[in-house]
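Enquirer: If you read the sequence shown in the numbering used here, its first letter stands for residue 106, the second for the next number, and so on. No residue lacks a Cβ here, since even glycine has one placed at the ideal position from N, Cα and C.
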Amino acid sequence: MRRSLIVTVAATVTMVLLAMLIPMAVLVQSYALEDRLSRAALEVQATETVVSGQDKGAVSVYVDRVNRASASTVTTVLYPDGTGIGPNPGEDARVREARRTGQARVDDTDSGAQILVPVSLGGSSTLPSLTPVVRVDVLKPGLGSGVFRAWVILALLGAALLAGSLVLADRLGRSFVQPILALAADAQRLGDRTRSAGVTVSGPAEVKELGVALNRLVGRIEVLLEREREGVANLSHRLRTPVTALRLRIDGLDDAADRERISADLDELEGMVDHLVREARRSEREGLVADSDAAAVLSERARFWAPLAEDQGRPFELDLQVPAGQRVPVQASEPDLVAVLDVLLDNVFSYTDEGVPVAVTLIAGQDAGLTLIVDDGGPGYPDGLDVTLRGISGAGSTGLGMSIVDKTATESGGRLVLGRSPLGGARATVVLGPPA
106 MRRSLIVTVA ATVTMVLLAM LIPMAVLVQS YALEDRLSRA ALEVQATETV VSGQDKGAVS
166 VYVDRVNRAS ASTVTTVLYP DGTGIGPNPG EDARVREARR TGQARVDDTD SGAQILVPVS
226 LGGSSTLPSL TPVVRVDVLK PGLGSGVFRA WVILALLGAA LLAGSLVLAD RLGRSFVQPI
286 LALAADAQRL GDRTRSAGVT VSGPAEVKEL GVALNRLVGR IEVLLERERE GVANLSHRLR
346 TPVTALRLRI DGLDDAADRE RISADLDELE GMVDHLVREA RRSEREGLVA DSDAAAVLSE
406 RARFWAPLAE DQGRPFELDL QVPAGQRVPV QASEPDLVAV LDVLLDNVFS YTDEGVPVAV
466 TLIAGQDAGL TLIVDDGGPG YPDGLDVTLR GISGAGSTGL GMSIVDKTAT ESGGRLVLGR
526 SPLGGARATV VLGPPA
């Protein structure tokens, strides 16, 4: 829009300037030629006086002096005997016509104009055959004259007007476009969950109306999300009460196998309920900026697991490939980062034998972001099983943990990659993207 406005103004102003400046340039040249003709007429009168009262020698001296003094005119005196005094002594039909009629004339020529004045030597009875003719060739103003300077001034004036109009068009276009760009940026930040308030309402009335409508939409969405979170929280509370009652009744069962089986089912149900509560409280859209120092959070959480690894006789390695003191921001909250590492390490500790080694590697990205790698020396992930899908697990769990890891990585702009570890077991690579 801004570029189109500038191009339109440039084209319009250019056409207007050409329509004005070209006639003005021609008019300036015409005025300059008229001025030269006026001065040439004075020279003709003076030359006519000299020719009528002096001999050829005196006329030659005078004509030579006049031609040296003026660069815009060329004066020549043509006598009827075929001789001439001046740079161009030759006659043509116009000279002969002026001598015959005895009348002065002004003719346009390719080089400018030509003034022809017959000189009467003895009054009106002078025969045409005895009449000399004064010819003055007036040259058009060239590049070395004041006309060129006037043209340059006109061109500079036109360029200044064009530049001023472009600057004005740019400012005008900026006043139109900036509120729209700001509105789009606010909407983008709302979509990326990096802005908690609504969009800024500014600019023309139409843009303000759009901003107000968008803020109403944002407010409505926030109300619906809040109701959803409250509904899930109420549902989890209502589910926990009967689950607790069932767990108390299980203790009264006589069959140990039934108690163990039902307890496992209740554990799975409680895990699903906990997952629903966590998802309802995640800062996905509430406007909270998901920006945390992944290196600090994950390294601290990894050290939290180190004592348990020591108790189980597991070799535990923490490899920090992060410059000392450097903050590594990612688009994920601290609770989400803690949950990611807890899920990965809990899988290792829960589904591998004691003494199996585990390694945690943190690699800072070249530009931003961070890569988390968890390796173990266990049996690895089951072949052909996508453990990132909800409800799918290779070891009888709820299968919700890896889906949380995958979701956190994806929402940060990264990804989760599962593969084979150099330690012989499973490798989970979590790429976390930088804040938007």
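Quick one: what does DSSP say P434 is sitting in, helix, strand or coil?
Expert: Reduced to three states, the DSSP call for P434 is strand.
Enquirer: Between the C-alpha atoms of D102 and L261, what's the straight-line distance to the nearest angstrom?
Expert: One cannot answer for residue 102 here, as it falls past the ends of the chain, which runs 106 to 541.
Enquirer: Note down the Cα distance separating F281 from S307, rounded to an integer number of angstroms.
Expert: 10 angstroms
Enquirer: Let me know if E153 comes out buried or exposed under the rule of 16 or more other beta-carbons within 10 Å of its beta-carbon.
Expert: buried
Enquirer: If you follow the beta strand (DSSP E) that D481 is part of, which residue opens it and which one closes it?
Expert: First-last of the beta strand (DSSP E) with D481: L475 to D481.
Enquirer: Please tell me whether L138 and A218 are closer than 9 angstroms, where the distance is taken between their beta carbons.
Expert: yes
Enquirer: Measuring only the C-alpha atoms, how far is L322 from L330?
Expert: If I take the Cα positions, the gap works out to 12 angstroms.
Enquirer: Use the C-beta contact count for R204: other C-beta atoms within 10 angstroms, 16 or more gives buried, fewer gives exposed.
Expert: With 16 or more other Cβ atoms within 10 Å, it is buried.
Enquirer: When you compare each of S135, R525, T305 and P185 to D481 by their alpha carbons, which one comes out closest?
Expert: R525
Enquirer: Alpha carbon to alpha carbon, what distance is there between S438 and V427?
Expert: Those two C-alpha atoms are separated by around 19 angstroms.
Enquirer: Give the secondary structure of S498 by DSSP, where H, G and I count as helix, E and B as strand, and everything else as coil.
Expert: Below a pLDDT of 50, predicted positions are generally treated as unreliable, and S498, at 46, falls in that range; no measurement from the model is reported.
Enquirer: Would T113 and A268 qualify as a contact pair, given that the criterion is a beta-carbon distance under 9 angstroms?
Expert: No.
Enquirer: Straight-line CA distance for L271 to V118?
Expert: 9 angstroms
Enquirer: Classify Q436: buried if its beta carbon has 16 or more other beta carbons within 10 angstroms, exposed otherwise.
Expert: buried
Enquirer: May I ask you to report which of helix, strand or coil DSSP gives Q426?
Expert: strand
Enquirer: Quick one: give me the first and last residue of the beta strand (DSSP E) that D441 is part of.
Expert: First-last for D441: E439 to Y456, but that is the alpha helix (DSSP H), not the beta strand (DSSP E).
Enquirer: If contacts are defined as beta-carbon pairs under 8 angstroms, then P185 and T236 qualify, I think. What distance do you get, rounded to the angstrom?
Expert: 6 angstroms
Enquirer: Using CA atoms only, rank isn't needed, just tell me which of D447, D472, V448 and P434 is closest to S517.
Expert: P434
Enquirer: Determine the direct distance from the alpha carbon of A174 to that of E196, and round the result to whole angstroms.
Expert: 24 angstroms
Enquirer: Based on Cα-Cα distance, which residue from V239, D359 and A429 lies nearest to V224?
Expert: V239
Enquirer: Taking the DSSP output, what are the residues bridged to A533?
Expert: V479 and L523
Enquirer: Does M507 pass the burial test, meaning 16 or more other C-beta atoms within 10 Å, or should it be called exposed?
Expert: For M507, the number of other beta carbons within 10 angstroms of its own is at least 16, and it is reported as buried.
Enquirer: Can you tell which of D424, E415, Q150 and P347 has its C-alpha closest to the C-alpha of A401?
Expert: D424
Enquirer: May I have the straight-line CA-CA distance separating D212 from A146, to the nearest angstrom?
Expert: In a straight line, the C-alpha of D212 is about 13 angstroms away from that of A146.
Enquirer: What are the boundary residues of the alpha helix (DSSP H) that P347 is part of?
Expert: Where P347 is concerned, the enclosing alpha helix (DSSP H) stretches over A310 to I355.
Enquirer: Which runs of the beta strand (DSSP E), 3 residues or longer, sit entirely within the region 191 to 273?
Expert: 210 to 214, 217 to 223 and 238 to 244
Enquirer: What do you reckon, are the CB atoms on L523 and L477 nearer than 9 angstroms?
Expert: It is not a contact, given that the beta carbons lie outside the stated cut-off.
Enquirer: So which of T513, L403, Q150 and P246 has the shortest CA-CA distance to T466?
Expert: L403
Enquirer: Specify the secondary structure class of L413 as computed by DSSP and reduced to three states.
Expert: helix
Enquirer: Relative to the C-alpha of E422, which candidate in D416, A115 and A411 has its C-alpha closest?
Expert: Answer by Cα proximity: A411.
Enquirer: Could you say which of E365, L319, V378 and V348 lies nearest to V337 if we only look at CA atoms?
Expert: V378
Enquirer: Between which two residues does the beta strand (DSSP E) containing L183 stretch?
Expert: T178 to L183
Enquirer: Assuming P309 and P284 form a contact by the criterion Cβ under 8 angstroms, report the distance between their Cβ atoms to the nearest whole angstrom.
Expert: 7 angstroms
Enquirer: Starting from V168, trace the beta strand (DSSP E) both ways and give me its first and last residue.
Expert: Careful: V168 lies outside any beta strand (DSSP E), inside the alpha helix (DSSP H) at K161 to A174.
Enquirer: Does DSSP put V114 in a helix, in a strand, or in coil?
Expert: In the structure shown, V114 sits in a helix (DSSP, three-state: H, G or I).
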